[in-house]
Amino acid sequence: MADKKSTASTSKRAALRAQQEAQESAKKRRRIIGVIAGVVIVAAIVVAVVLGLNHKSSDVPATGQITPPSATKDGVYTLNKDKAKDGAPTVTVFQDYQCPACKGAEDKFGKPLKNLSSKGEIKLEYHTLTFLDLNLSNDSSTRAAMAAAAADVIGKYDAYHDVVYSHQPAEEGTGYTDNQLRKEFASEAGITGDDLTTFQRIYDNKQTEEFVKNANEQGLKKLQKLDSPSTPTFLINGKTWNGWADFQTAPSSDDLLNAIKKAK
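Mapping of the sequence shown onto numbering that gives the first Met the number 0: position 135 corresponds to residue 134, and the numbering continues sequentially without gaps.
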């Protein structure tokens, strides 16, 4: 009897060990399968992103006029479209890329405005005008605006906008060269590869020309109604805001937000 009990006990232990080993093997297989699945998912995401980027560039027609995706047909760009919180004030900046005062305002307010926009504290809009071409007897405002619109098509409006202002000539009226606008500024804004090819094609084919012309016409009409026929002009919720001129130095984001809220 003792031998039979001993044998049965040994068999149970062996069966238990076998069961435990089987369970451990199953866990290992599940871990391996999970790792492989994770790698496959990551690879699929990478491929999707790459294909999406390529699709974005290749999807742009080689001819015909284009309205930039971040802008309305009237020429109003909105940064961080989906981030504005409920009740956030709308700040609209009317600008001309050849305007020295616009560069001064951009140098002072650009960063805090974009910081507030990225946090959803304000809805930030830019309306680009080109009337200085007539005053300065050139077409640099129009070409710069067309290039910025082309940059928006490939998702680089914000960066390109900053680069144009950072290289505004010290002497008003000197303007921008085509080489600067289509090559040097694009490189500095991080436009490369297929996106660069698309950007340059849009610029060279003047596919944003009608958008830029209409933006200027609509912008001038708005400023005339507001009795503010100059750039820069700031609006808060559609009303002229002159408080920006009270800042002698670049404000912090918090100070600027407080001033904007008081002016609502």
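Heads up, the beta-carbon is just placed ideally off N, CA and C, and yes, glycines get one too.
Contact annotation, P99 with N236: C-beta distance approximately 28 Å; criterion of less than 8 Å not satisfied.
By the Cβ criterion, the segment 227-244 is not in contact with the segment 185-198, since fewer than three pairs of Cβ atoms, one from each stretch, lie closer than 8 Å. For the 8 Å CB-CB criterion, G74 and Q217 form a contact. Taking A70 as the centre and dropping the five residues before and after it, the same chain places the C-beta of Y76 closer than 6 Å to its C-beta, in chain order. Taking a C-beta distance under 8 Å as the contact criterion, A83 and W243 do not qualify as a contact pair.
In the displayed model, A61 falls within coil according to three-state DSSP, outside both helix and strand. Between the beta-carbon of Y164 and that of R142 there is about 15 Å, and that puts the pair past the 8 Å contact cut. If you ignore the 5 residues before and after V211, its C-beta comes within less than 8 Å of the C-beta of G74, T127, T129, T141, A144, M145, A148, all in its own chain and listed in chain order. When beta bridges are read from the DSSP output, I235 appears opposite V90, K238. Going by DSSP, E216 is part of the alpha helix (DSSP H) stretching over 208-224. Judged by their CB atoms, V90 and I65 are not nearer to each other than the 8 Å cut-off. The C-alpha of A158 is placed about 11 Å away from the C-alpha of S186. Counting along the chain, K122 sits inside no alpha helix (DSSP H); it lies in the beta strand (DSSP E) bounded by residues 122-127. The distance from the Cβ of E171 to that of Q97 is about 7 Å, consistent with a contact at the 8 Å cut-off.
At least 8 Å separates the beta-carbon of P60 from that of D151. Rounded to whole angstroms, the gap between the alpha carbons of Q223 and F184 is 32 Å. Assignment of A144 by DSSP, reduced to helix, strand and coil, places it in the helix class.
The shortest CA-to-CA distance from L131 to any of K205, G154, N215 is the one to N215. Your pair L255 and P111 checks out as a contact, with CB atoms roughly 5 Å apart and the cut at 8 Å.
In this chain, the beta strand (DSSP E) harbouring T77 covers 75-78. For Q199, the enclosing alpha helix (DSSP H) starts and ends at 192-203.
A direct Cα-Cα distance of roughly 35 Å separates A169 from K261.
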